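Numbering (the numbering used here), first residue to last: 1267 to 1352.
In C-alpha coordinates:
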(Lines of atoms letter the chains of each structure in order from A and count residues from 1; the text may use other names and numbers.)
(Lines give C-alpha, C1' and ligand atoms only; values in the text may rest on other atoms or scores of the structure.)
Protein backbone atom coordinates (compact mmCIF):
# COMPACT_ATOMS: atom_id res chain seq x y z
CA UNK A 1 0.00 0.00 0.00
CA UNK A 2 1.36 3.37 -0.96
CA UNK A 3 0.49 6.27 1.29
CA UNK A 4 0.58 9.73 -0.23
CA UNK A 5 0.16 12.67 2.14
CA UNK A 6 -0.69 14.90 -0.83
CA UNK A 7 -4.24 13.49 -0.94
CA UNK A 8 -6.63 13.43 1.95
CA UNK A 9 -9.03 10.63 2.70
CA UNK A 10 -12.57 11.44 1.43
CA UNK A 11 -15.17 12.11 4.06
CA UNK A 12 -18.28 10.02 4.46
CA UNK A 13 -20.36 13.07 3.51
CA UNK A 14 -18.42 13.61 0.28
CA UNK A 15 -18.81 9.94 -0.66
CA UNK A 16 -22.55 10.03 0.07
CA UNK A 17 -22.89 13.24 -1.94
CA UNK A 18 -21.08 11.64 -4.86
CA UNK A 19 -23.37 8.62 -4.67
CA UNK A 20 -26.48 10.83 -4.69
CA UNK A 21 -25.14 12.74 -7.71
CA UNK A 22 -24.33 9.52 -9.55
CA UNK A 23 -27.85 8.18 -8.92
CA UNK A 24 -29.37 11.47 -10.11
CA UNK A 25 -27.23 11.35 -13.28
CA UNK A 26 -28.33 7.75 -13.87
CA UNK A 27 -32.01 8.66 -13.40
CA UNK A 28 -31.74 11.59 -15.83
CA UNK A 29 -30.08 9.30 -18.37
CA UNK A 30 -33.09 6.98 -18.13
CA UNK A 31 -35.39 9.96 -18.74
CA UNK A 32 -33.35 11.05 -21.78
CA UNK A 33 -33.31 7.50 -23.16
CA UNK A 34 -37.09 7.19 -22.94
CA UNK A 35 -37.60 10.69 -24.37
CA UNK A 36 -35.21 10.02 -27.24
CA UNK A 37 -36.99 6.75 -28.05
CA UNK A 38 -40.34 8.55 -28.14
CA UNK A 39 -38.87 11.16 -30.48
CA UNK A 40 -37.41 8.48 -32.76
CA UNK A 41 -40.73 6.62 -32.84
CA UNK A 42 -42.53 9.78 -33.94
CA UNK A 43 -39.94 10.86 -36.55
CA UNK A 44 -41.86 9.13 -39.33
CA UNK A 45 -44.89 11.35 -38.78
CA UNK A 46 -42.83 14.45 -39.53
CA UNK A 47 -41.69 13.20 -42.94
CA UNK A 48 -43.18 15.18 -45.81
CA UNK A 49 -44.72 12.09 -47.40
CA UNK A 50 -46.40 10.83 -44.21
CA UNK A 51 -50.17 10.77 -44.81
CA UNK A 52 -51.18 13.27 -42.12
CA UNK A 53 -52.29 16.67 -43.27
CA UNK A 54 -52.17 18.56 -39.97
CA UNK A 55 -48.99 17.76 -38.05
CA UNK A 56 -49.35 20.55 -35.48
CA UNK A 57 -50.34 18.18 -32.64
CA UNK A 58 -47.25 16.10 -33.34
CA UNK A 59 -45.08 19.20 -33.49
CA UNK A 60 -46.37 20.21 -30.03
CA UNK A 61 -45.93 16.68 -28.68
CA UNK A 62 -42.34 16.53 -29.91
CA UNK A 63 -41.57 19.99 -28.49
CA UNK A 64 -42.90 18.90 -25.09
CA UNK A 65 -40.57 15.90 -25.25
CA UNK A 66 -37.59 18.10 -26.11
CA UNK A 67 -38.46 20.48 -23.24
CA UNK A 68 -38.52 17.79 -20.53
CA UNK A 69 -35.00 18.54 -19.17
CA UNK A 70 -35.84 22.25 -18.81
CA UNK A 71 -39.34 21.61 -17.43
CA UNK A 72 -38.53 19.23 -14.58
CA UNK A 73 -36.04 19.48 -11.73
CA UNK A 74 -36.50 15.91 -10.51
CA UNK A 75 -36.33 12.90 -12.84
CA UNK A 76 -38.83 11.05 -10.64
CA UNK A 77 -41.47 13.72 -11.35
CA UNK A 78 -41.28 13.61 -15.15
CA UNK A 79 -44.65 13.10 -16.84
CA UNK A 80 -44.28 12.19 -20.49
CA UNK A 81 -46.78 13.71 -22.91
CA UNK A 82 -49.21 11.40 -24.66
CA UNK A 83 -48.69 10.77 -28.34
CA UNK A 84 -51.50 12.33 -30.38
CA UNK A 85 -54.04 10.07 -32.03
CA UNK A 86 -53.64 9.78 -35.77
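Idealized CB from N, CA, C, for every residue including glycine. Predicted, not measured: the structure shown is a model, and the values here were computed from it.
By Cβ distance, which residues of its chain are closer than 6 Å to residue 1331, with the 5 residues on each side in sequence left out? What you label residue 1331 is simply residue 65 of the chain shown in a count that begins at 1. Cβ within range, chain order: 1301, 1304 and 1305.
Between residue 1293 and the rest of its own chain, which residues show a CB-CB distance below 6 Å, the 5 nearest in sequence each way excluded? Position 27 of the chain shown, counted from the first residue, corresponds to residue 1293. Once the five neighbours on either side are set aside, the close Cβ partners of residue 1293 are 1341.
So, using beta-carbon positions, are residue 1347 and residue 1323 closer together than 7 Å? Here residue 1347 refers to the residue found at position 81 of the chain shown. Here residue 1323 refers to the residue found at position 57 of the chain shown. It is not a contact, given that the beta carbons lie outside the stated cut-off.
Coarse secondary structure for residue 1334, derived from DSSP in three states: Start at 1 with the first residue of the chain shown, and residue 1334 comes out as number 68. In the structure shown, residue 1334 sits in a helix (DSSP, three-state: H, G or I).
The alpha helix (DSSP H) with residue 1281 in it runs from where to where? Working through the chain shown from its first residue, we reach residue 1281 at position 15. Per DSSP, residue 1281 belongs to the alpha helix (DSSP H) from 1278–1308.
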